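Data block below; observations after.
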Amino acid sequence: MQVLGIESSCDESGVALFDTERGLLAEALYSQIPIHQVYGGVVPELASRDHVRRLPGLIRQVLHEAGVERPDAVAATAGPGLIGALLVGATLARTLAFGWGVPVIGVHHLEGHLLAPMLEPEPPAFPFVALLVSGGHTMLVQVDGIGRYRILGESVDDAAGEAFDKTAKLLGLGYPGGPAIAALAEQGNPAAYALPRPMLDRPGLDFSFSGLKTAVLHQVKRWEGQGSAVQIADLAASFQAAVIDTLYGKCRRALEQTGLQRLVVAGGVGANRRLRERLRDLPATVYYPRPSFCTDNGAMIALAGALRLQAGESSSPDFPVRARWPLEHLEVPA
Ligand code: ATP
Ligand code: MG
Ligand code: FE
């Protein structure tokens, strides 16, 4: 089965063609980062409009590269995300599927992230623990199968990626903040500032990152706008180390609690090199998507759609798009 996947939940237009026999045949991505950079964050209306501009060309390109004229099905992100942006991808998917006379299904964006490591040569087997660390979400999930997700813990405030983005802003670095902080942290001393390891001392698997961001803010205020390049790099490195320590500690606990020995790391923060190094110390096999599939992409949506259709889920041409959509409300394909 060949499935065309379309991702448009936020600021990335992603398209891919996944073949259940041959794997990923083609994929294309257009990142809107330059459009939103000047505003320091994503502007929803600009995002929707740019998806309209970019997606048709990306779809044409992917079909051409894959040598496919008419896929067997179309999958699009149905939520959670920016409602206008989601509507663009969903409408395109429905229209193409109608014209081709093929099934169409709506995919949960986070299910896409969770299953993304299955695009790699050595995919994880179910069940596994997943650490989902993206721009909007931070959670530990027990994944028993497609649609069978149990949330073990999640952030009570900011997501890890959001903490990177907000901290980068405080330090006067660019958007998105994750890659900017990661790069600068390489020149800094991670032990220079004693920042909190939020909730690591408490039982349970929830996270909290807003206190860490506040600690950075207090330090920046102490400099009264005069932080030196070395101080800023040290603070970036110290912040990154605090996030990594926290993620590491909670992953370790989740593995102990579930007795599982496979950990999947998904979402944009999973691209962080130092985090990957640290997680090697865990008593588990750790699976990642390639760095470009940690952030938003069409391949994970094509894959999730293909797996659901293969598992017997039927086409839903009138699938709703949803700004909010709890992962635990997902259905297990019949
Ligand atoms: P969600 O999937 O929750 O809706 P999203 O799609 O915006 O959110 P992703 O695209 O998965 O999130 O990831 C983007 C986030 O990842 C941003 O917050 C960005 O700063 C962060 N990020 C990207 N690369 C890195 C890195 N190397 N280190 C740390 N954070 C990173
Ligand atoms: Mg993005
Ligand atoms: Fe995402």
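In the numbering used here, the protein residues as written are 11 to 344.
Just so it is clear, CB atoms sit at the ideal spot from N, CA and C, and this is done for glycine as well.
Here the structure is a predicted model, which means the values were calculated and not measured.
Asked                                                                                                         : Found
Span separating the alpha-carbon of P336 from that of H228                                                    : 34 Å
Collapsed DSSP secondary structure at E196 in the structure displayed                                         : coil
Continuous alpha helix (DSSP H) stretch holding A281: start and end                                           : Per DSSP, A281 belongs to no alpha helix (DSSP H) and is neither H nor E.
Sufficient close CB pairs (3 or more, under 8 Å) joining the region 298–306 to the region 271–288             : yes
E31 versus K179 - alpha carbon distance                                                                       : 44 Å
A173 - DSSP class collapsed to helix/strand/coil                                                              : helix
Pairwise C-alpha distance: R288 and Q267                                                                      : 20 Å
Supposed contact pair V25 and G15 - C-beta distance, whole angstroms, cut 8 Å                                 : 7 Å
Stretch pair the region 251–258 + the region 107–124: three plus CB contacts closer than 8 Å                  : no
Inter-stretch contact at 8 Å, needing at least 3 Cβ pairs: the region 195–205 / the region 162–182            : no
Q12 beta carbon less than 7 Å from that of P81                                                                : yes
Near the ligand COA: D21 beta-carbon under 6 Å from a heavy atom                                              : Although the ligand COA was asked about, the structure shown includes only the ligand ATP, the ligand MG and the ligand FE as ligands.
Near the ligand ATP: S144 beta-carbon under 6 Å from a heavy atom                                             : yes
Supposed close pair G308, V117 - CB separation, criterion 8 Å                                                 : With 8 Å as the limit, G308 and V117 do not qualify as a contact, their Cβ atoms being about 10 Å apart.
Beta-carbon gap between Q47 and Y185 smaller than 7 Å                                                         : yes
Buried versus exposed call for H147 [16 or more other C-beta atoms within 10 Å across all chains shown]       : buried
CB-CB length for V275 against L245, believed under 8 Å                                                        : Not a contact, Cβ separation roughly 25 Å.
For R288, three-class secondary structure by DSSP                                                             : helix
Sequence-distant residues of its chain with Cβ nearer than 6 Å to L183 (five each side left out)              : A190
Cβ neighbours of S18 in the same chain (closer than 7 Å, five flanking residues each side left out)           : H61, L65, T87, A95, L96, V98, G99
Test item: CB-CB of V84 and L68 under 7 Å                                                                     : no
Proximity test, D306 beta-carbon vs the ligand FE heavy atom, cut-off 6 Å                                     : yes
Coarse secondary structure for R272, derived from DSSP in three states                                        : strand
Secondary structure of Y258, DSSP reduced to three states                                                     : helix
Assigned secondary structure, T224 (DSSP; H/G/I helix, E/B strand, else coil)                                 : helix
Own chain partners of E341 with C-beta closer than 7 Å, once the 5 adjacent residues on each side are dropped : G157
Environment of E75 [buried if 16+ CB atoms lie within 10 Å]                                                   : exposed
For S144, the residue or residues it bridges with in DSSP                                                     : Bridge partners of S144: none, in fact.
Anticipated Cβ contact below 8 Å, D168 with K223, distance rounded                                            : 6 Å
Per-residue burial, E111 [other beta carbons within 10 Å of its own, 16 or more giving buried]                : The question names Glu, but residue 111 in the sequence shown is Gly. Label assigned to G111: exposed.
Which residues DSSP lists as bridging E17, in chain order                                                     : G24
Whole-number beta carbon distance between L141 and C20, since they are thought to touch under 8 Å             : With 8 Å as the limit, C20 and L141 do not qualify as a contact, their Cβ atoms being about 20 Å apart.
Length of the line joining the Cα atoms of G109 and S325                                                      : 15 Å
Range of the contiguous beta strand (DSSP E) that encloses H118                                               : 114–118
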